[in-house]
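Reminder that position 155 of the sequence shown reads as 155 in UniProt numbering, one-by-one numbering, no gaps. Remarks on the structure that follows.
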Amino acid sequence: MEAIVVENLTKHFRKAYDKTLKGFFISLAKGEKRYKEFTALQDVSFKVKQGESYAIIGKNGAGKSTLFKVLSGIIYPDSGRVEMNGKVAPLIELSAGLSRDLTGAENIRLNCAIFGLSKKRIDEVFDKIVAFSELEEFIHTPVKFYSSGMKARLGFSIAIHIDADIILIDEVLAVGDKDFKKKCYAKMEELRQSGKTLVVVSHSLKPLRKICDRALILDKGKVLDIGEINEMIDKYQEDKKPKKKKKGA
C-alpha cells in the first residue's frame, strides 16, 4: 500500500521584476508587467510505500522545500494530485509551531493537542518528550529565551511523539550539536523499523544511506531520477563534480 502518491504536481510562483516602491509605481504608470512567473515544480510524480524511508535530494533551488510544503498542506499545487494516506507530522521549521510567550511545557501540551492527542495520551508522552529534548532545566522557561538549537530539540521531540503515520523531515537537523543529531538519526531509524513512513530532505547525505530505502533527485523543479538510495546519492554526487574540459576546447 502507498502512504504517499504524487501525480503530475506543478507549482508556479510570481516574482516581482523590481522590488523597490519607486520601480513598482514606474511599472504601474507605464502599464508594464510587474511580475515574472517561475516554475518551482513541474510534473513531479512519485510514490512512497507504507513503512518506507524516502529521501529527496537536490541542489539549493531544486524545489525540495516547495515540494515539502505541498506535502505538508502549507501550500497548494497549481495542478496535479497529492494523496497522503495517514496522519502527517511535518518537521519543516521546527520552531515555527512554537509559541514564543509560552513555556516549553506549555508548548508541548498545546502542539500535542493541535495534532489530536487526548489529554491522557499527552500525559503519557510528556515526560518522554522532555527527556528526549534534554531540556529538563529549561522546560518551564518561555520559548522566547531558547536558542535556535533548543527550539529545534523541542520541536523534533514533539513531532516524533505525536503518533503520526507519515513523518516529513526537511533540513531540521541543520541546527543542534553533533551528539543530538546522532540521537535524532537513531530515533529516525527506530521509527522506520516500527513501520512509520519517513520522507527526508538533508544536505548531510551520509546519514541518508543508513536510514533511507530509496531517493528522488530533484533538479530545477523536475524529477531527474528515482531509485535505490545508494545509487541515487552516488549519481547526485557524480553529477555535482565539475566537468573536465576536453583538450582543444
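Backbone N, C-alpha and C define an ideal beta-carbon position, used for all residues, glycine too.
In or out: residue i buried (at least 16 other Cβ within 10 Å) or exposed?
i	result
A159	buried
M188	buried
N107	buried
S202	buried
Y146	buried
R14	exposed
I57	buried
Y76	exposed
K151	buried
R192	buried
F38	exposed
I162	buried
K64	buried
A55	buried
I166	buried
residue 296	For the chain, the structure presents residues 1 to 249; residue 296 sits outside this window and is missing.
Is residue i near residue j, with beta carbons less than 7 Å apart?
i	j	result
L71	L9	no
C212	I226	no
A164	A62	no
V223	V5	no
G221	A3	no
L110	S133	no
D170	F68	yes
L205	I233	yes
I114	S157	no
G104	L135	yes
In the DSSP assignment, find the unbroken alpha helix (DSSP H) run with residue i in it and report its ends.
i	result
I233	229–240
L71	64–72
L208	205–211
C125	Here the sequence assigns Val to residue 125, which means Cys is not the residue at that position. Segment 119–133, the alpha helix (DSSP H) holding V125.
With respect to the beta strand (DSSP E) encompassing residue i, which residues constitute its N-terminal and C-terminal limits?
i	result
M84	79–84
A186	Segment 178–193 is the alpha helix (DSSP H) holding A186; no beta strand (DSSP E) there.
L91	88–91
T168	A small correction: the amino acid at residue 168 is Leu; Thr does not occupy that position in the sequence shown. Element bounds for L168: 166–170.
L102	No beta strand (DSSP E) holds L102; DSSP gives it neither H nor E.
In the DSSP assignment, what are the bridge partners of residue i?
i	result
L216	I56, I226
E7	R81
K36	K15
T197	I166
Indicate whether the contact test is met: 3 or more Cβ pairs, each with one atom in the segment 43–51 and one in the segment 188–203, closer than 8 Å.
yes
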